[in-house]
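These protein sequence lines map, in sequence, to chains B and S.
Position in the first sequence counted from 1, then plus 154, gives you this note's numbering.
Position in the second sequence counted from 1, then plus 55, gives you this note's numbering.
Everything below concerns the one structure shown next.
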Amino acid sequence: MLEVPGDLHLHSCLSPCADITMLPGEVTERLVARGIRVASLTDHNAACNVPAFQRVFQRDGILLVPGMEATTAEEVHLLCYFETTGALWKFGRRLLASYPRIVNDPERFGYQLVCNDRDEFVGQFPFLLSVASLLSLEELRGLVEQLGGVVVPSHLDRRFGLLYQLGMVTSDMEFPTYEIAHKANVEKIAAQLPGHPQFVSNSDAHNLDSISPPRYVLEIEELSVHEVLMALRHENGRGARLL
Amino acid sequence: MTVHDVIESLGADVAVEGDTTRLVTSGYTCDLLSEVIAKAAPGSAWVTIQTHVNVIAVAAMVGISVVIVCEGRTCESDAVEHAAKEHLTILYSKGSAYTVSGKLYVLGLR
């Protein structure tokens with residue numbers, strides 16, 4: 155079994171709350187320096203920068219897991235991962251149809267920049283991305299799973315995390331893997347969850363300095379998106395181990 | 056009534072003193088930011104426990120006159136900075152959103 159250092163929660167200049175320096179070349183350089191081998195660009199509610207990041211990741215030997223951080227109607231943040239970019243686009247279109255079209259005011263909420271693989275800005279996403287979808291947590295999860303994807307609830311120990319927003323996780327909505335912001339919180343959080351989940355802890359980097367050394371490894375048979383998704387589903391002996 | 060009148064009547068702490076001459080014409084109590092964007096009326100006093108910097112952006116976008124942060128919570132420093140830039144008044148109350156909303160209702164805000 156391979157033990158692969160991962161960071162499956164990164165924002166680019168597309169996320170209004172992220173720094174405009176979060177460009178593929180800059181981000182990749184830091185991921186390589188930190189020894190990250192599997193990464194996911196998970197912007198808020200859109201995936202326009204995934205193609206540019208995928209190209210640069212590929213060039214530097216990092217596996218990209220197609221992903222997005224979606225906001226449910228309850229304003230819970232969910233990391234959504236897919237086997238292919240095709241499935242991600244399908245999800246993106248469904249999500250776009252389910253959220254309110256509010257024209258972004260970059261001066262207030264931040265710029266939402268689309269980039270190419272040469273770290274150049276090529277456009278702006280017009281609608282505000284820090285809004286909540288009209289899809290509930292269960293509906294959104296259903297949609298991701300129907301497309302063959304996996305949902306990992308974001309930063310359980312922080313604002314916009316599942317526990318923070320909804321107060322508890324009942325046994326009918328448990329997940330195989332949860333993300334925590336701080337490893338120190340793992341026991342406290344685990345005690346509030348049903349079942350025996352596993353945890354990952356990603357950088358959730360909104361600026362270049364926040365790209366951290368690996369905090370966990372994925373235990374997988376080979377370096378492929380399929381294997382990573384199996385690890386996130388905690389199945390067939392694959393899994394994640396906090397460092 | 057004005058923001059100044061709300062400050063006087065609630066006895067809440069003033070975290071950011073913006074334009075206190077602004078008119079307050081209604082009230083809205085909610086913590087889901089997207090719901091506030093969709094439903095709150097311009098000129099509202101917004102009662103919430105949210106303290107994130109996005110509160111200020113949402114308030115500016117909707118045209119909220121004053122934000123009242125409840126339960127003794129305090130805004131993050133970037134939120135305070137943004138509020139000052141937007142001349143938006145932020146009040147801190149130790150009361151719950153329920154009691155603060157009740158007081159505003161009694162004051163005549165509907």
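Built from N, CA and C at the ideal position, the CB exists for glycine as well.
Leaving out five residues on either side along the sequence, give the residues of the same chain with a beta carbon under 6 Å from the beta carbon of S:V102.
These residues qualify, in order along the chain: T84, I123, A152, V155 and S156.
Taking Cβ to Cβ, would you say B:P178 is nearer than 9 Å to B:C269?
Yes, the Cβ-Cβ distance between B:P178 and B:C269 is below 9 Å.
So, helix, strand or coil for B:S366, using DSSP?
B:S366 falls in the coil class under three-state DSSP.
Say whether the stretch 180-197 of chain B touches the stretch 206-224 of chain B, bearing in mind that this needs 3 or more beta-carbon pairs closer than 8 Å, one atom from each stretch.
The answer is yes - the stretch 206-224 of chain B touches the stretch 180-197 of chain B, with three or more Cβ pairs under 8 Å.
Evaluate the contact criterion for the stretch 270-280 of chain B versus the stretch 90-108 of chain S: three or more CB pairs, one atom per stretch, below 8 Å.
Verdict: no, contact absent.
For the structure I just gave you, are there three or more beta carbon pairs, one from the stretch 356-368 of chain B and one from the stretch 160-175 of chain B, closer than 8 Å?
These segments touch.
Taking just the CA atoms, how far does B:P330 sit from B:G393?
Approximately 10 Å, taken between the alpha carbons.
Just to confirm, is the Cβ distance from B:V219 to B:V382 under 9 Å?
Cβ distance < 9 Å, so B:V219 and B:V382 count as in contact.
So S:S99 is in the beta strand (DSSP E); what residue range does that whole segment cover?
S:S99 -> beta strand (DSSP E) spans S99 to T103.
Under the three-state reduction of DSSP, which class applies to B:I334: helix, strand or coil?
Looking at B:I334 - three-state DSSP - the assignment turns out to be coil, as it is neither helix nor strand.
Can you give me the C-alpha to C-alpha distance between B:A338 and B:N361, rounded to a whole angstrom?
If I take the Cα positions, the gap works out to 23 Å.
Once DSSP output is grouped into helix, strand and coil, what is the label at B:H360?
The answer is coil: DSSP assigns B:H360 none of H, G, I, E or B.
Note the first and the last residue of the continuous beta strand (DSSP E) segment covering B:R395.
Element bounds for B:R395: G393 to L396.
Within its chain, find whatever has a CB closer than 8 Å to the CB of S:Y160; leave out the 5 residues flanking it on each side and keep chain order.
The answer, listed in chain order, is G82.
From the DSSP output, read off the bridge partner residues of S:T84.
Looking at the DSSP assignment, S:T84 forms a beta bridge with S:V102.
Near B:T238, what residues of its chain come up, given a Cβ to Cβ distance below 7 Å and the 5 sequence neighbours on each side ignored?
Cβ within range, chain order: P220.
Quick one: measure Cβ to Cβ for B:R262 and S:A138, integer angstroms, because I've assumed they're closer than 8 Å.
Their Cβ separation, rounded to whole angstroms, is 12 Å, which puts B:R262 and S:A138 out of contact at 8 Å.
Output the distance between the C-alpha atoms of B:H380 and B:E389, rounded to the nearest integer angstrom.
Approximately 12 Å between the Cα atoms of the pair.
So, do the stretch 178-192 of chain B and the stretch 249-261 of chain B have three or more beta carbon pairs nearer to each other than 8 Å?
No: fewer than three Cβ pairs fall under 8 Å.
List the residues of chain B whose Cβ lies closer than 9 Å to the Cβ of S:Q107, in chain order.
It is His, not Gln, that sits at residue 107 of chain S in the sequence shown. What S:H107 touches in chain B: R313 and F314.
Does the CB of S:I145 have a neighbour CB from chain B at under 9 Å?
Cβ-Cβ to chain B under 9 Å: no for S:I145.
Going by DSSP in three states, B:P205 sits in which element: helix, strand or coil?
Helix.
Taking 9 Å as the CB-CB cut-off, is S:S223 touching chain B?
Chain S is shown from 56 up to 165; residue 223 of chain S falls before or after that span and cannot be answered.
Considering only residues of the same chain and omitting the five flanking positions on each side of S:A70, which have a CB-CB separation below 6 Å?
Correct list, in chain order: I145 and Y147.
At 7 Å on the CB atoms, spell out the chain S contacts of B:S284, in chain order.
The contacting residues are N109.
Would you kindly work out how many angstroms separate the C-alpha atoms of S:M116 and B:L310, rounded to a whole number?
Answer to the nearest angstrom: the Cα atoms are 29 Å apart.
Starting from the beta carbon of S:S120, find every residue of chain B whose beta carbon is closer than 8 Å, and list them in chain order.
Simply none; closest approach about 17 Å.
What's the gap between the Cα of B:R247 and the Cα of B:A241?
Between B:R247 and B:A241, the C-alpha separation is close to 10 Å.
Give me the Cβ distance between B:Q266 and B:L164, rounded to the nearest whole Å; I'm assuming they're in contact under 8 Å.
At roughly 16 Å, the Cβ-Cβ gap does not stay under 8 Å, so B:Q266 and B:L164 are not in contact.
Rounded to the nearest angstrom, what separates B:V305 and S:L164 at their Cα positions?
The alpha-carbon atoms of B:V305 and S:L164 are separated by roughly 43 Å.
Any residues in the stretch 243-254 of chain B with a beta carbon nearer than 9 Å to a beta carbon of chain S? Which ones, in chain order?
Residues Y253 and P254.
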